[in-house]
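Numbering (our numbering), first residue to last: 70 to 450.
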């Protein structure tokens, strides 16, 4: 069956070429369009991982061309094509069945959003129907970080405060801080957090509404719910961190769309695919465009909300140097393209905690100093 052998030779060869072509097409331009920077690891590590997967794909394509193709062609030409086809189909069905079984198992478990953390890890969180999660109120949690004891103290509203039973005076002029773990002061004692340092520099009371792992829309929703408590808000401070922008695209938690309509979190239809995506942080161009539009709408709404209460708004962009081109691209696409004013705070690359990529006390001090100067220029001391 020489004709069947030639056809098999061509088909398998084309399959190998397609694999190699896919590996070649996933070059730097494609990576920049689909892979957002991540807080979990450096851009160089992320790119290295993607390049390794490209090399594996190309090597598999070469293996198909150089080794599988001639063997398949000889088997088909020798009249063993039917047996080979049955073996290939059986193997494919086994792989599909394995994926289906794993997917079925995942569907028997409660799905958690990418940033959800439960259990006894400090600072303790609890579920919140509107926001996804908040901190447990009236709680003192302790944790050792780099040999220091860190106290996480929350008041009756879940705001971080200096000590148990400390209460904010809602009648005093207040700078309100929204955001995530950087503004919260994760792994820093209260006195070293950004809000505490701004209060010490300006003499204006600060309120720390930040919650670990919040996206920009979650921070806005919390601000919108909590701001009415403050009778004399002076300013609202909210961060925009380019390497955390990927969070803004998550839809398996409560979230806002570009029209600022609220949606409950929904588990992904294919959980195995979502888990794989989380490892590499792949996003489609359409989802990134939606995330940009939504983030811009949320930040505009934050400015309008603060203005409605007679308060200024300060969008803070803490940026470790040198600024990675992928992070610069996000900052320009989200903020500059929308003409949103912001405060860019360059940070020394060594001003990080040894245990993760959060700013350390020096980084928090630099951010607080920049905020205090900006507030003095905008609202006076």
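We put the beta carbon where it would ideally sit given N, CA and C, even for glycine.
Integer-rounded CB distance, given that residue j should sit under 8 Å from residue i
i	j	result
residue 476	residue 334	Limits of the chain in this structure are 70 at one end and 450 at the other, which puts residue 476 out of reach.
residue 270	residue 438	7 Å
residue 249	residue 313	7 Å
residue 274	residue 241	5 Å
residue 336	residue 200	So it is not a contact: roughly 18 Å between Cβ atoms.
residue 288	residue 247	4 Å
residue 119	residue 349	7 Å
residue 280	residue 253	7 Å
residue 243	residue 276	5 Å
residue 126	residue 83	Their Cβ separation, rounded to whole angstroms, is 16 Å, which puts residue 126 and residue 83 out of contact at 8 Å.
Environment of residue i [buried if 16+ CB atoms lie within 10 Å]
i	result
residue 101	exposed
residue 136	exposed
residue 81	buried
residue 450	For residue 450, the pLDDT reaches just 45, beneath the cut-off of 50, and the residue's location in the model is therefore unreliable, although a value from the coordinates is still provided. Residue 450 is exposed by the Cβ-count criterion.
residue 155	exposed
residue 368	buried
residue 148	exposed
residue 419	exposed
residue 436	buried
residue 342	exposed
residue 122	exposed
residue 238	exposed
residue 202	buried
residue 114	exposed
residue 424	exposed
residue 140	exposed
residue 382	buried
residue 165	exposed
residue 174	exposed
residue 311	buried
Cβ-Cβ distance between residue i and residue j below 8 Å
i	j	result
residue 235	residue 206	no
residue 385	residue 302	no
residue 196	residue 204	no
residue 306	residue 440	yes
residue 296	residue 245	yes
residue 374	residue 292	yes
residue 60	residue 422	Nothing can be reported for residue 60, as the shown portion of the chain is limited to 70 through 450.
residue 221	residue 191	yes
residue 434	residue 266	yes
residue 347	residue 172	no
residue 85	residue 151	no
residue 415	residue 251	no
residue 412	residue 445	no
residue 278	residue 351	no
Distance cut-off 7 Å: residue i Cβ against heavy atoms of the ligand GDP
i	result
residue 204	In the structure on display, the ligand GDP does not appear, and there are no ligands present to speak of.
>> Counting beta carbon pairs with one atom in the segment 256-270 and one in the segment 416-436, are three or more of them shorter than 8 Å?
In response: yes
>> I'd like the ranges of any alpha helix (DSSP H) spanning at least 4 consecutive residues and lying wholly in the segment 109-170.
In response: 112-132, 138-146
> Between the segment 323-337 and the segment 360-375, do three or more beta carbon pairs fall short of 8 Å?
Replying inline: yes
> Can you list, in chain order, the stretches of the beta strand (DSSP E) that have 3 or more residues and sit fully within the segment 262-338?
Replying inline: 274-277, 301-308
>> Which complete beta strand (DSSP E) runs does the segment 327-391 hold, if anything under 3 residues is left out?
In response: 381-389
> Does the segment 88-99 come close enough to the segment 127-135 that 3 or more CB-CB pairs lie under 8 Å?
Replying inline: yes
>> Taking contact to mean 3 or more Cβ pairs, one atom from each stretch, closer than 8 Å, check whether the segment 388-407 and the segment 348-356 are in contact.
In response: no
> Would you call the segment 396-416 and the segment 101-114 in contact, with 3 or more CB pairs under 8 Å?
Replying inline: yes
> What are the uninterrupted segments assigned as beta strand (DSSP E) that are 3 or more residues long and contained completely in the segment 195-272, given in chain order?
Replying inline: 201-204, 208-214, 217-223, 242-246
>> Extract the residue ranges of the beta strand (DSSP E) inside the segment 398-428, only unbroken runs of 3 or more that lie entirely within it.
In response: 412-416
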